[in-house]
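K.L.:
Just passing along the structure, written as structure tokens.
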Amino acid sequence: MFGWLQNGMSENTGGRKIQSVDRTCDILQELGERGASTVSELAAGTDLSPGTVHTHLSTLASNGFVQQVDGEYKLGMEFVPFGEWVRRQSPLYRAAKTEVDDLAHEYDAVAHLVTEYRGKTLTLYEMSGEEAVGKEVHTAKRGRPQTHIHCTAGGKAILAHLPEERTREIVERHGLPAYTSHTVTDEEALYEELAEIREQEYAINHEEVVHGNRAIGAPVLDDDGTVLGSVSMSGPASKWREERFQDELADAVVRAANSVEINIHTADRHD
């Protein structure tokens, strides 16, 4: 979580940097990953002295970016409006919100809009249908809006359309950790699957992150083929049988992603 506070699309943006700001970002990154933490825990995780960490935390707390509760620090409410402002400025979010809502409600699924950021998926928006299964799992995951890109349907839909060099860079940096026994952890097997995704225009996740949960995702592409993100939806493997999964649901997700592309291009012409 909050890796995007520190890491950019480019690992090295060049230019001069302010060391104290770098340290603040390190502390926020560690706090986002750990959750509520003591000064000593944050110092150990950032290789900074406890005194330095305490000084930064005190400054952040005075501005509402962290809060102290029972001797531990956690991220503050001041981040909430910033996050919402960033999201609402995203053309992808504005173009996709209605399509994601429609998918969730029509199929009683949990529908997602994600993009790639720093080699992981970043969830921009999520909606659950009234009878959607697994809401609790997805609600719990909101505290960590970034996840590995190789094991989710939305992530694989994106990964399949990134330049090969970028794909290999992501795999080298983040690896292919297993979440379940179904997670793809072999590089060559992953690259073969990505080729299939490009051919069939959608990606699937068969219990690769959560046992009993399936998902299907389709990429959102710009005019020149650049992948902007993906739309996906997930539901119970017990109800989403293979025939319906590969036909009706795949078609619905691909159509939703295509609608998002149209919305983006239409908005561009009116801006």
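The sequence shown runs 9 to 279 under my numbering.
Glycine included, C-beta positions come from ideal geometry on N, C-alpha and C.
None of these values were measured; they are calculated from a predicted model.
Quick check on the burial criterion: 16 or more other C-beta atoms within 10 angstroms. Buried or exposed for residue 268?
P.N.:
With 16 or more Cβ atoms within 10 Å of its Cβ, residue 268 is classed as buried.
K.L.:
In chain order, what are the residue ranges of uninterrupted beta strand (DSSP E) at least 3 long that sit wholly in the segment 64-119?
P.N.:
The qualifying runs are 74-77 and 80-83.
K.L.:
Just tell me which of 220, 190, 275 and 260 has its CA closest to the CA of residue 230.
P.N.:
Of the candidates 220, 190, 275 and 260, the one whose C-alpha sits nearest the C-alpha of residue 230 is 275.
K.L.:
I'd like the span of the alpha helix (DSSP H) that includes residue 161, first residue to last.
P.N.:
Element bounds for residue 161: 161-167.
K.L.:
Could you check if residue 176 is buried or exposed, using at least 16 other CB atoms within 10 Å of its CB as the buried criterion?
P.N.:
With fewer than 16 other Cβ atoms within 10 Å, it is exposed.
K.L.:
Determine the DSSP secondary structure at residue 270, reduced to helix, strand or coil.
P.N.:
The answer is helix: DSSP assigns residue 270 an H, G or I state.
K.L.:
CA-CA distance, residue 166 and residue 59?
P.N.:
Rounded to the nearest angstrom, the two C-alpha atoms are 42 Å apart.
K.L.:
My assumption, with CB atoms under 8 Å, is that residue 239 sits in contact with residue 226. Please give the rounded CB distance.
P.N.:
Indeed they touch by this definition, with Cβ atoms about 6 Å apart.
K.L.:
Does residue 222 pass the burial test, meaning 16 or more other C-beta atoms within 10 Å, or should it be called exposed?
P.N.:
Buried, since its Cβ has 16 or more Cβ neighbours within 10 Å.
K.L.:
For the beta strand (DSSP E) that contains residue 243, what are its first and last residues?
P.N.:
Looking at the DSSP string, the run of the beta strand (DSSP E) that includes residue 243 is 235-244.
K.L.:
Please find out if some non-hydrogen atom of the ligand ZN comes closer than 7 Å to the beta-carbon of residue 215.
P.N.:
Judged by which ligands are present, the structure shown has none, so any question about the ligand ZN falls away.
K.L.:
Are the CB atoms of residue 131 and residue 217 within a distance shorter than 8 Å?
P.N.:
Taking 8 Å as the Cβ cut-off, residue 217 and residue 131 do not qualify as a contacting pair.
K.L.:
Tell me whether residue 53 sits in a helix, a strand or coil according to DSSP, three-state version.
P.N.:
If DSSP states are grouped into helix, strand and coil, residue 53 belongs with the helices.
K.L.:
Does the distance from the C-beta atom of residue 40 to that of residue 83 stay below 8 Å?
P.N.:
Yes, these two residues count as a Cβ contact at 8 Å.
K.L.:
Under the rule that 16 or more other beta-carbon atoms within 10 Å means buried, what is residue 24, buried or exposed?
P.N.:
Exposed: under 16 other Cβ atoms inside 10 Å.
K.L.:
Is it the case that the Cβ atoms of residue 127 and residue 182 are separated by a distance below 8 Å?
P.N.:
Going by C-beta atoms, residue 127 is nearer than 8 Å to residue 182.
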